[in-house]
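Sequential numbering from 2 applies to the sequence shown in the numbering used here.
The beta carbon of each residue, even a glycine, is placed where N, CA and C say it ideally should be.
No experiment lies behind these values; they were computed from the predicted model shown.
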Amino acid sequence: MESYDFIKMQKKLGKYLDENRFHHTLGVMYTCAALAMTYDCNLETAQAAGLLHDSAKCIPNKKKLKMCKNHKIPVTEFEQKNPFLLHAKLGAYIAKEKYGIEDTQILDAIACHTTGKPDMTLLDKILYVADYIEPMRNKAPRLPEIRRLAFWDLDECVYEILKDTLGYLEGEPEEMDAATKDAYEFYERLHRQRFGKEN
Numbered sequence: 002m003e004s005y006d007f008i009k010m011q012k013k014l015g016k017y018l019d020e021n022r023f024h025h026t027l028g029v030m031y032t033c034a035a036l037a038m039t040y041d042c043n044l045e046t047a048q049a050a051g052l053l054h055d056s057a058k059c060i061p062n063k064k065k066l067k068m069c070k071n072h073k074i075p076v077t078e079f080e081q082k083n084p085f086l087l088h089a090k091l092g093a094y095i096a097k098e099k100y101g102i103e104d105t106q107i108l109d110a111i112a113c114h115t116t117g118k119p120d121m122t123l124l125d126k127i128l129y130v131a132d133y134i135e136p137m138r139n140k141a142p143r144l145p146e147i148r149r150l151a152f153w154d155l156d157e158c159v160y161e162i163l164k165d166t167l168g169y170l171e172g173e174p175e176e177m178d179a180a181t182k183d184a185y186e187f188y189e190r191l192h193r194q195r196f197g198k199e200n
């Protein structure tokens, strides 16, 4: 298993993120580590995904589109209209090219951390949940409940986050990515299979 120099990576990353984003990123890294301990996921892998998940976040939107074009990263029509979403795909590219991450598990988790996707891996779920619940987050509804659930039942936590995200985005349907809808439908089916239809 590869070992990562997190201090070196943090110093480098700090040059590309604004202060709030950098502190959020550290919060996600530590929350990923805590969830990895809970669910028996490799600690270093989880921390690397958490640390680098937003490495492309502070790149201006026009530059995001240009970089995707230059590096042949596919862009959907929805992403073309909402280029802020591209920081996930672009972040996976940057993690590989600028930080030397070869582990496809980490790169895949970074690539889907914004929208989620059906049937996520353990690492995908850990990063997706950590990004939502890390200590600096304070705007999402039901955060205390969702934070407790994260350490009790990860699949159910993913379902609840997707449900709240979809509820929030329903008021802004033009901001809803198809991947989020697909992820919600998958985890809603799983929820029904596990707990029965009355829930």
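- Measuring C-alpha to C-alpha distances from Met121 to each of Leu191, Lys99, Lys65 and Asp55 identifies Leu191 as the nearest.
- Looking at Phe79, Gly92 and Asn83, the one whose alpha-carbon comes closest to that of His72 is Gly92.
- Collapsing the DSSP output to three states places Ile162 in a helix.
- Cα atoms of Lys70 and Leu86: separation of roughly 15 Å, rounded to the nearest angstrom.
- Per DSSP, the continuous alpha helix (DSSP H) segment holding Asp125 begins and ends at Leu123 to Ile134.
- Proximity to Gly28 across Ala49, Tyr40 and Lys9 peaks at Ala49, based on C-alpha coordinates.
- Leaving aside the five residues that flank Glu161 on each side, the residues in its chain whose CB is nearer than 7 Å to its CB run, in chain order, Ile147 and Leu150.
- Here Met10 is near Tyr100, since their CB atoms are less than 7 Å apart.
- If you look at Glu45, you'll find it in the alpha helix (DSSP H) that goes Leu44 to Leu53.
- Within the same chain, Leu155 and Val159 come within 6 Å of Lys126 by CB-CB distance, once the 5 residues on both sides are set aside.
- Fewer than three Cβ pairs drawn from the region 5-22 and the region 110-124 lie within less than 8 Å of each other, which leaves the two stretches out of contact.
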